[in-house]
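Read through the structure below, which is laid out as structure tokens, and then see the notes.
2 protein chains.
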Amino acid sequence: MSDEQREVDVVVVGAGAVGENVADRAGRGGLEVVVVEKELVGGECSYWACMPSKALLLSGHALAAAKRLPGAAEAVTGTLDAAAVLKRRTTFTHDWDDSSQADWVSSAGMSLVRGSARLTGPRRLEVETADGTVTLVARQAVVLATGSVPVLPDVEGLATALPWTSREATSADAVPPRLAVLGGGVVAVELAQAYARLGSTVTLLARSALLRGQEDFAGEIVAEALRADGVDVRFGANPSSVSRTGSETTITLDDGSTVVADELLVATGRTPVTSDIGLETVGLEDGGRITVDDSGLVEGVDGGWLYAVGDVTGRAPLTHQGKYDARAAGDAIAARAAGDLVGEAPAWSRYAGTATRTAVPSVVFTDPEVASVGRTEQQARDAGIDVKVVDYEIGNVAGASLVADGYAGRARMVVDEQRGVVVGVTFVGQGVSELLHSATVAIVGEVPLHRLWHAVPSYPTISEVWLRLLETYGL
Amino acid sequence: MSDEQREVDVVVVGAGAVGENVADRAGRGGLEVVVVEKELVGGECSYWACMPSKALLLSGHALAAAKRLPGAAEAVTGTLDAAAVLKRRTTFTHDWDDSSQADWVSSAGMSLVRGSARLTGPRRLEVETADGTVTLVARQAVVLATGSVPVLPDVEGLATALPWTSREATSADAVPPRLAVLGGGVVAVELAQAYARLGSTVTLLARSALLRGQEDFAGEIVAEALRADGVDVRFGANPSSVSRTGSETTITLDDGSTVVADELLVATGRTPVTSDIGLETVGLEDGGRITVDDSGLVEGVDGGWLYAVGDVTGRAPLTHQGKYDARAAGDAIAARAAGDLVGEAPAWSRYAGTATRTAVPSVVFTDPEVASVGRTEQQARDAGIDVKVVDYEIGNVAGASLVADGYAGRARMVVDEQRGVVVGVTFVGQGVSELLHSATVAIVGEVPLHRLWHAVPSYPTISEVWLRLLETYGL
Numbered sequence: 004m005s006d007e008q009r010e011v012d013v014v015v016v017g018a019g020a021v022g023e024n025v026a027d028r029a030g031r032g033g034l035e036v037v038v039v040e041k042e043l044v045g046g047e048c049s050y051w052a053c054m055p056s057k058a059l060l061l062s063g064h065a066l067a068a069a070k071r072l073p074g075a076a077e078a079v080t081g082t083l084d085a086a087a088v089l090k091r092r093t094t095f096t097h098d099w100d101d102s103s104q105a106d107w108v109s110s111a112g113m114s115l116v117r118g119s120a121r122l123t124g125p126r127r128l129e130v131e132t133a134d135g136t137v138t139l140v141a142r143q144a145v146v147l148a149t150g151s152v153p154v155l156p157d158v159e160g161l162a163t164a165l166p167w168t169s170r171e172a173t174s175a176d177a178v179p180p181r182l183a184v185l186g187g188g189v190v191a192v193e194l195a196q197a198y199a200r201l202g203s204t205v206t207l208l209a210r211s212a213l214l215r216g217q218e219d220f221a222g223e224i225v226a227e228a229l230r231a232d233g234v235d236v237r238f239g240a241n242p243s244s245v246s247r248t249g250s251e252t253t254i255t256l257d258d259g260s261t262v263v264a265d266e267l268l269v270a271t272g273r274t275p276v277t278s279d280i281g282l283e284t285v286g287l288e289d290g291g292r293i294t295v296d297d298s299g300l301v302e303g304v305d306g307g308w309l310y311a312v313g314d315v316t317g318r319a320p321l322t323h324q325g326k327y328d329a330r331a332a333g334d335a336i337a338a339r340a341a342g343d344l345v346g347e348a349p350a351w352s353r354y355a356g357t358a359t360r361t362a363v364p365s366v367v368f369t370d371p372e373v374a375s376v377g378r379t380e381q382q383a384r385d386a387g388i389d390v391k392v393v394d395y396e397i398g399n400v401a402g403a404s405l406v407a408d409g410y411a412g413r414a415r416m417v418v419d420e421q422r423g424v425v426v427g428v429t430f431v432g433q434g435v436s437e438l439l440h441s442a443t444v445a446i447v448g449e450v451p452l453h454r455l456w457h458a459v460p461s462y463p464t465i466s467e468v469w470l471r472l473l474e475t476y477g478l
Numbered sequence: 004m005s006d007e008q009r010e011v012d013v014v015v016v017g018a019g020a021v022g023e024n025v026a027d028r029a030g031r032g033g034l035e036v037v038v039v040e041k042e043l044v045g046g047e048c049s050y051w052a053c054m055p056s057k058a059l060l061l062s063g064h065a066l067a068a069a070k071r072l073p074g075a076a077e078a079v080t081g082t083l084d085a086a087a088v089l090k091r092r093t094t095f096t097h098d099w100d101d102s103s104q105a106d107w108v109s110s111a112g113m114s115l116v117r118g119s120a121r122l123t124g125p126r127r128l129e130v131e132t133a134d135g136t137v138t139l140v141a142r143q144a145v146v147l148a149t150g151s152v153p154v155l156p157d158v159e160g161l162a163t164a165l166p167w168t169s170r171e172a173t174s175a176d177a178v179p180p181r182l183a184v185l186g187g188g189v190v191a192v193e194l195a196q197a198y199a200r201l202g203s204t205v206t207l208l209a210r211s212a213l214l215r216g217q218e219d220f221a222g223e224i225v226a227e228a229l230r231a232d233g234v235d236v237r238f239g240a241n242p243s244s245v246s247r248t249g250s251e252t253t254i255t256l257d258d259g260s261t262v263v264a265d266e267l268l269v270a271t272g273r274t275p276v277t278s279d280i281g282l283e284t285v286g287l288e289d290g291g292r293i294t295v296d297d298s299g300l301v302e303g304v305d306g307g308w309l310y311a312v313g314d315v316t317g318r319a320p321l322t323h324q325g326k327y328d329a330r331a332a333g334d335a336i337a338a339r340a341a342g343d344l345v346g347e348a349p350a351w352s353r354y355a356g357t358a359t360r361t362a363v364p365s366v367v368f369t370d371p372e373v374a375s376v377g378r379t380e381q382q383a384r385d386a387g388i389d390v391k392v393v394d395y396e397i398g399n400v401a402g403a404s405l406v407a408d409g410y411a412g413r414a415r416m417v418v419d420e421q422r423g424v425v426v427g428v429t430f431v432g433q434g435v436s437e438l439l440h441s442a443t444v445a446i447v448g449e450v451p452l453h454r455l456w457h458a459v460p461s462y463p464t465i466s467e468v469w470l471r472l473l474e475t476y477g478l
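Here it is, written out as structure tokens:
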């Protein structure tokens, strides 16, 4: 392939889960779509995040669950087989080979161009491929789905100390004897627990509370669980320097103490990939997030041709929510091309990711799990909502007491008193991840509390916590 | 205590979970309540059904779940410890001692009378207690919450062959080497699997398909799972006679074949307890169900003083749904006494068990679980609904594939095309019980399909099956 130019309806930059979804929906809407990817088709989630991290966690969780039940506990005499877990993880990442996902792109009627894309002006991109430069011209839309990358904090010596990011931690082929984890968010707590259960001696260095942005009790319960797994959880930890000698990394904290580990995982946050993709050629600034409306249309660009979806927008850095926004954007692009959608996408229509504003679910797959959707108490108050908060200890629910001896967990329901609806729910506990969708449906469906009263949880399930929350509320 | 007469606001006959709930709600409404119980306070569910059966099942399920995950499987070298499971079961039944539940009745401000009650006329009952006859006169309401009992089919020799019912099966203090189970419903399949995993050689004798009344695939998948657990599942089995010699029971089928077992569990159905409770003294017939309206008010009795809730009404023979109806009845009794409710209880008000008509959830706690709510395809068609049905193999959902290697399960969504809402959902698979409440909220909340589209399942959970169902539907 020499230098060439192609004109198509839609160009999607980035073939992660989000890019795939926007491409798929635009394609189903009758448009000709090209997807550009510089790494693996399927993206971060498939190869270095959601899938491998869960594969690293779930075997350990299943074993822990069995050990909490007399009768089963006696049958568990061994420990988690780390090699078997790593091997299973690798089957989920297809050994980091994306051919099956690339095949899916073709089978869905789309073209894949492998290379680095950058905008060169309105509706135009240049892609550097292995075989030369391809110029793409989009008749209808260009969609930026370039995702995000981990950020290393500015600590002396860190960048040259070969730290792990989530990529190395999810793709490692051995379990380090000693692992230090810098950060207190989802990636930090999930991987700290995964490696602790796989046999690492783990030190978690958190600046402040764990899982900030969630209800406070979530991070507190998870911290307790991590400690029970042997993780040395240190709060108020600020590294002042990092150095690596041979295979050993030493982290020096600002209180003068040091932590020595075989690997250091840095999980202090991610930043949108907006540099070096030619944003300046269409009047936007490099770096930072790309601001979009609920249909994914980029603000500040004339002509309605530039869209962005997923992490790059900063709307909700979660695969499922990015995919949801992507479906809306793909449908909107197709509908606008067909003249079926003129102007702004109506709220709650298929063309608008309305739920991303107020009803984003998330699950932290630690044991116990943290499953939450909508607003926390604080977020609801900050939004000026007339809030009533109801808490309930999940261990008091019959279904929970059956699932595990000594079940520990808590639920919180945040109610908008004026509208009489639920605006936020958090469940922390073993086995609550599948319970979350009930809350998401309640919030998104704007089901009044007095109607929720009639949604009867089956006995004895953990879901009965809903009845307790509503009773405690006063129904 | 000699013979005495007491006048109170409300008399509740039966202190099972359902009776407790109606009493509690009426009491909270300011009424003086007496509860009468001839066996254990807490009833069937606490001592011989929901709780002990789940305790018998869940340790085995946890072990099976661990064995489906490489890394965990290697650590499971032993087998389920039956003695430990039986012991744990007994802690949940408090060794069949109801003192803590009796204490709850007192602490909630209600009185408990232990004995057998029968109506002697409008608003009047006589209770035979250990210390004599107590006559109770109810100013506001009498509530019959007498529940149901197992029915033995009319098979020669069965009644004298000391068969197990669910009571003996859930309270056994040893695992029989050979167990025959007669029946194909929830009790039959749950206890067949429980005992198979506890070490019994189990033969299940079903007349026709398993789990009739559910979607067909539910019983089919469960039959497959039982067979994988070593249960000899025989369909078209009609016992013609049963005989017991010493500790051995022989079941002869109408095809001439025989099954020999140490115990025979008969789980062929239950019947409401309406005999010998004095119904004839208030113009009702003995036997059969007691017909009630959505507030629990018994039809065919003048004066609006007689209520019935739970199994005795035949509305929905499930603890949670009986409790729901009981809360509505208790609230209605209090509201009518206060003059706050006149005439029929409005649909979906707190005084009406409206959901029991169309949105009853149920979970069969086998492995895989069968979780369903609302109407099956057939029930929806029979109700004249313009039906569209969508099926999806749950094993294709990323979250399911992570939870278990070789995950097998299926989901069905039944849509009312005219109203654009879901009217029934069935999930079959490991770990779907907590997923059910999302469907219950969707159905009870009458959340339109186009709004459900915005309820995003978290990735990677099994709940993502919702997205697949909606995509397959055509959204």
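Residue numbers (this note's numbering), protein chains in the order written: chain A, 4 to 478; chain B, 4 to 478.
Glycine included, C-beta positions come from ideal geometry on N, C-alpha and C.
Nothing here was measured: the structure is a model prediction, and the numbers come from that model.
- The Cβ of Trp99 (chain B) sits no closer than 9 angstroms to any Cβ of chain A.
- Annotation for Val11 (chain A): Glu35, Val37 place their beta carbon closer than 6 angstroms to its own, counting only its chain and skipping 5 residues before and after.
- Distances from the alpha-carbon of Pro242 (chain B) to those of B:Ile397, B:Ala65, B:Leu155, B:Ala442 put B:Leu155 closest.
- Taking the CA atoms as reference points, Leu470 (chain A) sits about 10 angstroms from Val400 (chain A).
- Taking a C-beta cut-off of 7 angstroms against chain B, none of the residues of the segment 169 to 183 of chain A qualify.
- Taken through DSSP and simplified to helix, strand or coil, Gln196 (chain A) comes out as helix.
- Not a single C-beta of chain A is nearer than 9 angstroms to the C-beta of Leu115 (chain B).
- Judged by beta-carbon spacing, Ser441 (chain A) lies beyond the 9 angstroms limit of Ala414 (chain A), meaning their Cβ atoms are not closer than that value.
- Listed in chain order, the positions of the segment 45 to 63 of chain B with a beta carbon within less than 8 angstroms of a beta carbon of chain A are Cys48, Cys53, Met54, Lys57, Ala58, Leu61, Ser62, Gly63.
- For Met54 (chain A), DSSP records no beta bridge to any residue.
- Chain-order list of chain B residues neighbouring Val444 (chain A): Ser441, Val444, Ala445, Gly448, Val450, Leu455, Ala458, by C-beta distance under 8 angstroms.
- Pairwise C-beta distances place the segment 86 to 95 of chain A out of contact with the segment 90 to 110 of chain B, as fewer than three of them are shorter than 8 angstroms.
- Annotation: Ala209 (chain B) to Glu266 (chain B) spans about 16 angstroms, alpha carbon to alpha carbon.
- Distance from Ser461 (chain B) to Ser174 (chain A) at the Cβ level is roughly 23 angstroms; contact not present, criterion being Cβ atoms closer than 8 angstroms.
- Secondary structure remark: continuous beta strand (DSSP E) runs of at least 3 residues inside the segment 23 to 91 of chain B, in chain order: 36 to 40.
- Taking a contact to require three or more Cβ pairs closer than 8 angstroms, the segment 335 to 348 of chain B and the segment 297 to 308 of chain B qualify as touching.
- Among the residues facing chain A, Leu207 (chain B) is not included, as its CB has no counterpart in that chain under 9 angstroms away.
- For the segment 64 to 75 of chain A, residues whose beta-carbon sits nearer than 7 angstroms to a beta-carbon of chain B comprise Ala65, Leu66, Ala68, Ala69, Leu72, Pro73, Gly74, Ala75.
- Around Val79 (chain A), the beta-carbon contacts reaching into chain B at under 9 angstroms are Leu66, Ala69, Ala75, Ala78, Val79, Thr80, Gly81.
- Taking the C-beta atoms as reference points, Ser365 (chain B) is found no nearer than 9 angstroms to Val225 (chain B).
- Straight through space, the alpha carbons of Ala335 (chain B) and Ser109 (chain B) are spaced by roughly 22 angstroms.
- Taking 9 angstroms as the Cβ-Cβ cut-off, the segment 382 to 401 of chain A approaches chain B at Ala401, given in chain order.
- The beta carbons of Leu287 (chain B) and Pro125 (chain B) sit no closer together than 9 angstroms.
- Scanning its chain for C-beta atoms nearer than 7 angstroms, with the 5 sequence neighbours on each side dropped, one finds around Asp101 (chain A) the residues Leu43, Val44, Gly45, in chain order.
- A Cβ-Cβ separation of about 23 angstroms leaves Asp314 (chain A) out of contact with Ser211 (chain A) under the 8 angstroms criterion.
- Annotated three-state conformation of Ile293 (chain B) is coil, per DSSP.
- By the criterion of a C-beta distance shorter than 8 angstroms, Ala164 (chain A) is surrounded in its chain by Val245, Ser246, Arg247, Thr252, Leu267, once the five residues flanking it on both sides are discounted.
- Interface annotation, Glu218 (chain B): not in contact with chain A, CB-CB separation never under 9 angstroms.
- Our two residues, Ala403 (chain A) and Glu467 (chain B), have alpha carbons roughly 23 angstroms apart in a direct line.
- Taking 9 angstroms as the CB threshold, Pro364 (chain B) lines the interface with chain A.
- The three-state secondary structure of Thr369 (chain B), taken from DSSP, is coil.
- Along the segment 320 to 347 of chain A, going in chain order, the ones with a CB nearer than 8 angstroms to a CB of chain B are Leu321, Thr322, His323, Gln324, Lys326, Tyr327.
- Looking from the CA of Gly448 (chain A), the closest CA among A:Thr361, A:Val137, A:Leu66 belongs to A:Thr361.
- Distance check between Gly19 (chain A) and each of A:Gly325, A:Gly477, A:Asp257 places A:Gly325 closest, using alpha-carbon atoms only.
- Taking the Cα of Asp134 (chain A) as reference, the smallest distance to any Cα among A:Val116, A:Ile465, A:Ala231, A:Thr277 is reached at A:Val116.
- For a Cβ distance threshold of 8 angstroms, nothing in chain B lies close to Asp314 (chain A): the least Cβ distance comes to about 14 angstroms.
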